[in-house]
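One structure below.
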Amino acid sequence: MNAIIVSTLLGVIMMFVSWLTSSPKIQRNIGLAGMLLLILANLAHLKGWWVIDIDTKGMLAFNPIGLFANLTLFILTFIYVWINGEEIDKIGNHTADFYAIFFFILCGVSILTSFNNLLMLFIGIEILSIPLYILTGADKKNLLSNEASLKYFLMGSFSTGILLLGIAFIYGATGSFHLAIPIINPKTQMVKENFLMSAGLILLFVSMNFKVSAAPFHFWTPDVYDGAPTVFTSFMATIVKAAGFIAFIKVFEIQRLALGYSWSIILSFVIVATLLIGNITAVFQRSVKRMLAYSSIAQAGFMLFALYGNSIFNTEALLLYIVAYSLATIGLFAVLVKMKDYSFESFNGLAKKHPVLALLTTIFLCSLAGIPLTAGFFAKFYMLNALFTANAGTWLLIVAILFAAVSIYYYFKLIQVMYFTAGEPAINEVNKKYELKLMVVAIIIVLLGLFPSLLFNYLYF
Amino acid sequence: MFLLLFLLIPIVAALLLLFIKSNASSNSVSIGAGILTLIGSIYLLMVNAGDYDTSWLPVLNSRFSLHLDGLSKLLILLTSITFPAIFISTKNNEIANRNIFLSLMMFTQAGLIGVFLASDALLFYFFWELALIPVYFLCSIWGGEKRVAVTFKFFIYTFLGSLFMLIGIIYLYANTADHSFAIDSLKHANISGGQSATVFALFFIAFAIKMPIFPFHTWQPDAYEQSPTAVTMVLSAVMVKMGLYGVIRWLMPLFPAAFLAHSNIVVTLSVIGILYASFIAIRQDDVKRLIAYSSIAHIGLMNAALFAHYQIGVQGALVQLFSHGINVLSLWIIADIIEQQTGTRSMKALGGLAKKQPTLAILLVAFSFANIALPLTNAFVGEFLMFNGLFQFNPWMAALAGVSVVLAAIYTLNMVQKVAYGEISEATNQMQLPNKNAQMVLIVLLVIVFFTGIYPQPLFDLTADTLTQLFVK
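Listed in order, the protein sequences are those of chains C and S.
Heads up: the first sequence at position 10 corresponds to 9 in numbering that gives the first Met the number 0, and the numbers run straight through without jumps.
Heads up: the second sequence at position 75 corresponds to 74 in numbering that gives the first Met the number 0, and the numbers run straight through without jumps.
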């Protein structure tokens with residue numbers, strides 16, 4: 000409860016900070032301090048030092064994994080703001096408002112990691128989504144940004160409608176909004192077939208797929224990611240997507256039983272479609288930003304593996320994947336923000352001019368591609384392992400591996416232009432401090448690539 | 000503990016090199032570290048260094064465990080000979096950003112040593128990739144004209160192969176009783192015969208691409224041709240041995256039944272590869288490509304001998320792992336000297352080396368004899384034993400593979416004739432003073448060639464324990 004209340008309060012406070020000071024720098028620092036406070040509040044809850052306890056009639060349930068997920072996402076947001084703060088200032092002229100929006104989104108995140116009731120899921124998703132429509136259109140004078148925002152809003156509200164319909168069906172089937180364990184027939188050991196329930200769950204599944212941009216519900220992603228201001232794309236592609244996945248796994252880790260055998264068929268279809276469309280389309284992109292949008296679809300395909308089984312291992316795997324993917328993506332977008340245009344050609348010869356920046360970009364790309372020594376390798380490894388424990392077919396693993404090899408192609412294409420193509424990179428001024436911040440991210444990635452247990456030790460002790 | 004320190008030498012040197020700007024001192028650091036590892040590996044031959052084992056990933060129960068047996072010793076010795084030899088002989092070649100180049104080379108060496116030491120499957124996979132990534136940068140930055148595309152093909156090809164191996168590793172891991180990656184646990188993984196065949200195939204693809212054997216070889220001649228020669232030496236002398244090492248260390252003990260069940264197919268593929276590569280080698284005009292195809296043929300023979308699975312043939316392959324490395328390394332060094340000094344690799348443009356640089360010509364002839372496995376040279380010992388094993392497996396296969404010996408003589412001697420004899424060509428005439436460093440290295444290597452050719456017993460003794468483990472149950 001701490002995180003929900005503190006983030007709401009901080010959001011409200013940030014809305015009025017511009018009355019106190021008009022300096023974007025001070026506003027940013029207040030925002031950062033607020034985030035630290037939020038992290039502390041959540042940590043206090045996790046450790047049981049200080050807990051605000053409100054009776055929600057079981058609509059919210061706080062468990063260590065959910066709180067840990069909160070913590071991870073808050074820290075990722077902190078890192079994101081810490082790196083991108085100056086770029087955020089450049090967009091619009093109400094910096095503090097963006098921080099208010101961030102806090103509202105984090106409030107949605109904290110609901111999504113702790114809901115125990117489908118209504119709360121709905122509220123959480125709405126709190127998360129509405130600020131996002133604003134962020135997408137934050138660059139008011141840019142037509143593309145407006146277009147993206149409108150597109151996202153229309154598609155997003157449509158999918159929310161589907162979500163609501165699904166919830167209504169499930170309510171019709173069970174008479175409750177609570178996430179309950181499906182009734183199992185003791186004779187056949189199978190879940191009782193219930194048409195309304197299955198229909199409701201499938202609608203829910205469709206809507207969640209939309210939120211995490213899994214194919215074939217991904218069509219909004221490239222345009223929205225491309226049109227939104229790059230700093231905010233970075234936020235949407237990482238923290239928001241991660242929260243969507245955590246909600247996704249929370250709904251379906253038990254409810255999937257109600258779908259019986261068809262669950263694995265539906266999920267396999269979505270996974271293969273996502274991997275196929277994400278990876279193959281990414282290969283043909285000319286713009287790095289769009290390539291990253293498709294790569295984020297492709298990575299979603301890998302994250303969906305976590306939904307296959309229901310062991311605790313899957314949630315762990317998902318968390319590691321989220322951290323690895325988000326760190327690398329935040330880093331890459333932070334480099335991209337500094338580019339004058341987003342074509343591959345603008346990276347030509349970056350290694351000559353900014354060797355450190357090029358090396359860092361290489362580490363981020365390697366992590367996304369899943370090369371050993373980076374966090375991305377263990378993320379992929381854990382996911383594959385999760386598939387094995389879930390007894391998925393070997394064919395699915397082979398498909399995954401083949402597409403992982405395809406992804407090497409477009410990630411390394413960027414490395415190639417940086418290192419092996421001569422030219423003048425179209426890059427704005429990058430100061431040492433900025434490089435240093437990115438270096439911290441890269442070091443975390445490499446550390447997790449050597450000792451992924453650092454993350455999990457924390458979970459257990 | 001000593002093993003860990005040994006592994007750290009190249010890593011420390013690599014990191015050190017990143018900060019050294021001057022060419023001369025980066026040369027001395029690399030050569031110094033190379034010789035230090037050579038001394039270390041000779042020390043390892045004599046002393047029985049204990050295994051090193053420590054916790055690495057407790058969550059997955061993967062351990063950082065290094066184990067040393069005869070096979071590892073042999074290949075580590077080969078690695079430690081190869082690298083200083085390369086550093087010394089290419090000392091005066093012009094390379095931009097030499098310190099970065101040497102640093103990446105040192106990282107490759109660390110990866111290779113790690114591969115030959117690791118006895119934990121996940122660690123093995125880790126080093127396997129670690130050896131590949133520096134090579135990607137080495138070839139793409141310092142290679143020939145078409146380097147970027149060719150290296151990319153090479154990289155994706157081998158990376159895909161190793162991903163298959165990763166699935167195989169996870170497959171076995173998920174079925175072990177104690178959820179461990181240790182080789183002994185994987186041996187007793189609880190999988191059925193059919194599953195075993197699947198996992199065997201997953202591992203085999205990775206190794207087959209690395210070696211490479213027909214039909215997975217298409218990356219190789221291009222990659223050898225486009226890589227900077229120093230890297231080609233590493234690729235052909237040591238890196239391809241990773242695939243063969245994988246077969247001996249992992250495939251044979253982990254899937255004994257599947258191994259025997261597939262031996263017919265694999266031996267046939269290898270023999271096709273041997274003949275195919277030999278015939279193509281005859282038609283080559285480029286010295287580098289000729290050596291590349293000749294190397295495919297030799298590797299194919301070793302693989303055939305391994306899969307024939309007769310003790311004598313496997314013994315031959317073990318010896319040949321070392322001998323082939325030495326021979327092909329020497330041929331590359333010679334090819335590099337010629338290319339550096341004449342600016343061409345085309346045999347049509349070369350000729351008359353014997354008159355211009357008699358020492359180099361004599362060395363070329365001597366190593367060419369080793370390449371066609373003439374008696375008294377090291378390759379003869381290995382090939383004789385390998386053919387013996389192959390003959391017991393299937394005389395027809397042995398006969399077909401035997402044709403390759405004749406073909407090897409044709410293309411190798413043809414090369415010697417065109418490069419060393421005849422009138423002094425325009426290109427050869429440009430040759431300056433002989434490269435003393437390289438010649439010194441070559442003479443040391445020549446001593447090894449004849450010593451192990453005349454008295455191979457030390458190599459047999461060294462690999463005895465590996466062989467016993469493979470064949471005595």
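Beta carbons are placed, not taken as given, at the ideal position from N, Cα and C, and that holds for glycine.
Just so we're clear, the structure is a prediction, and the values are computed from it rather than from any experiment.
Which of helix, strand or coil DSSP assigns to residue i
| i | result |
| --- | --- |
| phenylalanine 114/C | strand |
| aspartate 88/C | helix |
| leucine 474/S | An answer regarding residue 474/S cannot be provided, because it is not within the stretch 0 to 472 covered by chain S. |
| aspartate 460/S | helix |
| serine 181/S | Before going further, note that residue 181/S is alanine rather than serine in the sequence given. The answer is strand: DSSP assigns alanine 181/S an E or B state. |
| isoleucine 276/C | helix |
| leucine 59/S | coil |
| isoleucine 426/C | strand |
| methionine 164/S | helix |
| alanine 117/S | strand |
| methionine 338/C | strand |
| aspartate 54/C | coil |
| serine 263/C | helix |
| serine 233/C | helix |
| leucine 65/S | strand |
| aspartate 285/S | strand |
Proximity test, Cβ basis, 9 angstroms: residue i and chain S
| i | result |
| --- | --- |
| alanine 179/C | no |
| tyrosine 408/C | yes |
| proline 63/C | no |
| isoleucine 426/C | no |
| cysteine 106/C | no |
| serine 366/C | no |
| asparagine 384/C | yes |
| alanine 404/C | yes |
| threonine 388/C | yes |
| threonine 314/C | no |
Residue i vs residue j beta-carbon contact at 9 angstroms
| i | j | result |
| --- | --- | --- |
| alanine 463/S | glycine 69/S | yes |
| valine 448/S | serine 322/S | yes |
| glycine 330/C | isoleucine 444/C | yes |
| valine 50/C | alanine 147/C | no |
| threonine 228/S | tryptophan 395/S | no |
| methionine 417/C | phenylalanine 332/C | no |
| proline 220/S | glycine 272/S | no |
| alanine 292/C | threonine 237/C | no |
CB contact below 9 angstroms: residue i versus chain C
| i | result |
| --- | --- |
| alanine 173/S | yes |
| leucine 14/S | no |
| tyrosine 51/S | no |
| tyrosine 292/S | no |
| serine 139/S | yes |
| tryptophan 55/S | yes |
| valine 58/S | yes |
| arginine 146/S | yes |
| glutamate 93/S | no |
With contact counted as at least three CB pairs below 8 angstroms, one residue from each stretch, are the region 110-125 of chain S and the region 66-76 of chain S in contact?
Yes, the region 110-125 of chain S touches the region 66-76 of chain S.
Under 8 angstroms, with one C-beta from each stretch per pair, do the region 17-33 of chain C and the region 53-61 of chain C reach the 3-pair mark?
When Cβ pairs closer than 8 angstroms are counted between the two stretches, the region 17-33 of chain C is seen not to touch the region 53-61 of chain C, the count staying below three.
Does the region 119-134 of chain S touch the region 179-190 of chain S, meaning 3 or more C-beta pairs lie closer than 8 angstroms?
Short answer: they touch.
Do the region 187-198 of chain S and the region 126-134 of chain S make contact, defined as three or more Cβ pairs closer than 8 angstroms?
No, because fewer than three Cβ pairs between the region 187-198 of chain S and the region 126-134 of chain S fall closer than 8 angstroms, the two stretches do not touch.
By the 9 angstroms beta-carbon criterion, what residues does the region 409-421 of chain C contribute toward chain S?
Going along the region 409-421 of chain C in chain order, one finds Phe411, Lys412, Ile414, Gln415, Tyr418, Phe419 and Thr420 with a Cβ nearer than 9 angstroms to chain S.
Do the region 234-246 of chain C and the region 64-75 of chain C meet, that is, are 3 or more Cβ pairs less than 8 angstroms apart?
At 8 angstroms Cβ cutoff, the stretches touch.
Would you call the region 25-44 of chain S and the region 93-112 of chain S touching, i.e. three or more CB-CB distances under 8 angstroms?
The region 25-44 of chain S vs the region 93-112 of chain S: in contact.
The region 313-325 of chain C in contact with the region 376-389 of chain C per 3-pair CB rule at 8 angstroms:
Short answer: they touch.
Taking a cut of 9 angstroms between CB atoms, which residues from the region 435-460 of chain C lie near chain S?
Residues passing the 9 angstroms Cβ filter: Leu449, Phe450, Pro451, Ser452, Phe455 and Asn456.
Between the region 217-234 of chain C and chain S, which residues of the former have a C-beta closer than 8 angstroms to a C-beta of the latter?
Sequence-ordered contacts of the region 217-234 of chain C with chain S are nonexistent [C-beta pairs closer than 8 angstroms].
Residues, ordered as in the chain, of the region 370-381 of chain C that lie near chain S by beta-carbon distance below 9 angstroms
Listed by position along the chain: Ile370, Pro371, Leu372, Phe376, Phe377, Lys379, Phe380 and Tyr381.
Can you list, in chain order, the residues of the region 158-173 of chain S whose Cβ is nearer than 8 angstroms to any Cβ on chain C?
So the close ones are Phe158, Leu159, Leu162, Phe163, Leu165, Ile166, Ile169, Tyr170, Tyr172 and Ala173.
Any 3 or more C-beta pairs closer than 8 angstroms across the region 439-456 of chain S and the region 350-369 of chain S:
Under the three-pair Cβ rule at 8 angstroms, the region 439-456 of chain S counts as touching the region 350-369 of chain S.
Quick one: any contact between the region 408-428 of chain C and the region 136-153 of chain S, if contact means 3 or more CB pairs under 8 angstroms?
Yes: the two stretches touch, three or more of their Cβ pairs being nearer than 8 angstroms.
With a threshold of 8 angstroms, are at least 3 pairs of Cβ atoms found where one atom belongs to the region 429-439 of chain S and the other to the region 378-395 of chain S?
The region 429-439 of chain S, when compared against the region 378-395 of chain S, does not touch it at the 8 angstroms Cβ threshold.
Listed from N- to C-terminal order along the chain, which residues in the region 173-206 of chain S have their beta-carbon within a distance smaller than 8 angstroms of any beta-carbon of chain C?
Against chain C - using a Cβ distance shorter than 8 angstroms - the residues of the region 173-206 of chain S are Ala173 and Thr197.
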